[in-house]
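Numbering (the numbering used here), first residue to last: 13 to 58.
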């Protein structure tokens, strides 16, 4: 997941349209949400 976040950070530094920036932000938010949810699930499993 860190790879996806890092890659989207790198891509954001290039010239992109507003729509492309919004898409990258959507991907980053989805990955962060997924990571947080899976971490919470693992914590409460113990």
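Idealized CB from N, CA, C, for every residue including glycine.
Task: Same chain, Cβ closer than 6 Å to residue 15, neighbours up to 5 away in sequence not counted - done: There are no such residues.
| said: To the nearest angstrom, how far is the alpha carbon of residue 28 from that of residue 45? | reply: Taking the straight line joining both Cα atoms gives about 24 Å.
ask   = Helix, strand or coil: how does DSSP classify residue 44 here?
value = In the three-state reduction of the DSSP assignment, residue 44 falls in the helix class.
So, for residue 39: in the same chain, excluding its five sequence neighbours on each side, which residues have a beta-carbon less than 8 Å away from its beta-carbon? Excluding sequence neighbours, residue 39 sits near 16, 20.
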